[in-house]
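This report concerns only the one structure given below.
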Amino acid sequence: MNDTIYVGLDVHKATVAVAVAEGMRGGEVRQLGSVRHTPEQIAKLAEKLAKGGRRLSFCYEAGPCGYGLHRQLTDLGNDCIVVAPSLIPMKVGDRVKTDRRDAVMLAKLHRSGDLTAVWVPDSAHEAVRDLIRARATAVRVLGKARQHLQGFLLRHGRVYAGKRGWTLAYRRWLTTVRFDHPAQQVVLQDYIHALTDAEARVERLARQIEDLLPHWSMAPVVEAVQAMRGVAFIVAVTVVAEVGDFSRFDNPRQLMAYLGLVPSEHSSGATVRRGGITKAGNALARRALIEGAWTYRMQARVSRKLHDRLENLPQAIRDIAWKAQVRLCARFRRLAATGKARVVVTTAIAREMVGFLWAIARQVQVAPAA
1 MNDTIYVGLD VHKATVAVAV AEGMRGGEVR QLGSVRHTPE QIAKLAEKLA KGGRRLSFCY
61 EAGPCGYGLH RQLTDLGNDC IVVAPSLIPM KVGDRVKTDR RDAVMLAKLH RSGDLTAVWV
121 PDSAHEAVRD LIRARATAVR VLGKARQHLQ GFLLRHGRVY AGKRGWTLAY RRWLTTVRFD
181 HPAQQVVLQD YIHALTDAEA RVERLARQIE DLLPHWSMAP VVEAVQAMRG VAFIVAVTVV
241 AEVGDFSRFD NPRQLMAYLG LVPSEHSSGA TVRRGGITKA GNALARRALI EGAWTYRMQA
301 RVSRKLHDRL ENLPQAIRDI AWKAQVRLCA RFRRLAATGK ARVVVTTAIA REMVGFLWAI
361 ARQVQVAPAA
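With the first letter of the sequence shown counted as 1, position 44 gets the number 44 in the UniProt record's numbering; the numbers rise by one all the way through.
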């Protein structure tokens, strides 16, 4: 008789709906109601279910409540997986959704092994990832601040005559802009202050990332992947923080699919239809890689900045990086010559970059987490 109990949890901010499935095939599945989402109540629940020496295996969907519940349950000696919501098998005709039904469904699917678990970072990795995501948020806020300022100026016919915006000359020009009504002058200055604050926030968070990087277990991987052209510091820390453990991918194609950089497909019989990339997975890492892929439109060469990043790296990593640069620069030119749109070419280059990044990361021995 199997003494394992599979527990499905439908987690919300204040409550957790609980259902259990007996370990044997065809065993009883029952609802246990809801408990308050507090560490004390979760500990009591685990203690109650484990009576008689039974082994507990929990599961719940990844969501806004994070990984705190996973860490608590594993610290108590139980098995727990966090499930990818987009990969949960669903019945097409099921039109009823409640917390209790969701918990029962999770318990059943967990027992049958039909759930796909996500990788759960340790607390230190999650903290660094939060910092990197905060900088990404600040960059988006900066972009919005620039749009607001330029939109305001354009509405009132103030157009900069220079070739490029946001240079030192452009900022000096902003100080010369005048409006007849004092309210509009106040609005202009407020937009400029918002822009300055947003820029300071981005710089402040970038410095924090640089200061904390040496204390992060993934720092050797960050340094190694910077051997790639187009993968400077910010792109490197973003990709490494979002991907996490590269060794969990058996081959680079799995990592490409994880980042949503593989083509979508809808084929049936002899008909094959392929579309744009799936965009399933981590959008932040995908965007950073596509931005880095634009650098391969130039000819292959080792610039001064890239040389400085390569200086202290092993020869094996340098060889992979140079092989990648030669291949991807030639591929960019070849695809562009066929008349493909630049955005399509860049996305294809980003997909191949992932394969070389995977190879470099597998060369690096990750330091143990502090």
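A virtual CB, placed ideally from N, CA and C, is assigned to each residue, including glycine.
For residue i, the nearest candidate out of the options (CA to CA)
i, options, result
"residue 345", "328, 222 and 360", "328"
"residue 67", "92, 126 and 78", "126"
"residue 262", "286, 272 and 249", "286"
"residue 81", "100, 47 and 116", "116"
"residue 219", "313, 53, 135 and 96", "313"
"residue 99", "111, 60 and 134", "60"
"residue 114", "97, 210, 142 and 83", "83"
"residue 214", "128, 252, 245 and 138", "128"
"residue 208", "130, 270, 151 and 156", "130"
"residue 124", "167, 135 and 212", "212"
"residue 260", "271, 217, 242 and 57", "242"
"residue 37", "13, 49 and 54", "13"
"residue 57", "63, 23 and 269", "23"
"residue 164", "157, 150 and 176", "150"
"residue 376", "320, 318, 343 and 284", "Given that the chain is displayed from residue 1 to residue 370, the structure contains no residue 376 and the question cannot be resolved."
C-beta atoms of residue i and residue j nearer than 7 Å
i, j, result
"residue 267", "residue 275", "no"
"residue 237", "residue 288", "no"
"residue 16", "residue 9", "yes"
"residue 145", "residue 224", "no"
"residue 316", "residue 356", "no"
"residue 54", "residue 5", "yes"
"residue 296", "residue 332", "yes"
Coarse secondary structure for residue i, derived from DSSP in three states
i, result
"residue 68", "helix"
"residue 160", "coil"
"residue 58", "strand"
"residue 223", "helix"
"residue 52", "coil"
"residue 242", "helix"
"residue 75", "helix"
"residue 33", "strand"
"residue 39", "helix"
"residue 274", "strand"
"residue 268", "strand"
"residue 9", "strand"
"residue 128", "helix"
"residue 344", "helix"
"residue 88", "coil"
"residue 300", "coil"
"residue 20", "strand"
Cα-Cα separation, residue i to residue j
i, j, result
"residue 347", "residue 336", "12 Å"
"residue 322", "residue 249", "23 Å"
"residue 3", "residue 26", "14 Å"
"residue 11", "residue 45", "14 Å"
"residue 309", "residue 301", "14 Å"
"residue 370", "residue 122", "Any answer about residue 370 is weak, because its pLDDT of 40 lies below 50 and its placement is not dependable; what the coordinates show is given next. C-alpha separation (whole angstroms): 10 Å."
"residue 354", "residue 303", "21 Å"
"residue 118", "residue 86", "11 Å"
"residue 153", "residue 160", "9 Å"
"residue 142", "residue 188", "16 Å"
"residue 172", "residue 147", "18 Å"
"residue 376", "residue 340", "Outside the displayed span of the chain (1 to 370) sits residue 376, for which this structure offers no information."
"residue 49", "residue 7", "9 Å"
Any C-beta of chain C under 7 Å from that of residue i
i, result
"residue 128", "Of the chains in the structure shown, none is chain C; there is only one protein chain."
(request) Indicate whether the contact test is met: 3 or more Cβ pairs, each with one atom in the segment 102-112 and one in the segment 23-43, closer than 8 Å. (result) Three or more Cβ pairs drawn from the segment 102-112 and the segment 23-43 lie within less than 8 Å of each other, which places the two stretches in contact.
(request) Inspect the CB distances between the segment 194-206 and the segment 175-183 and report whether three or more fall short of 8 Å. (result) No: the two stretches stay apart, fewer than three of their Cβ pairs being nearer than 8 Å.
(request) Spell out a yes or no on whether the segment 282-293 and the segment 229-236 are touching, meaning 3 or more CB-CB pairs, one atom from each, closer than 8 Å. (result) A contact between stretches requires three or more CB pairs, one per stretch, nearer than 8 Å, and the segment 282-293 meets this requirement with the segment 229-236.
(request) Spell out a yes or no on whether the segment 85-92 and the segment 36-49 are touching, meaning 3 or more CB-CB pairs, one atom from each, closer than 8 Å. (result) The segment 85-92 is not in contact with the segment 36-49.
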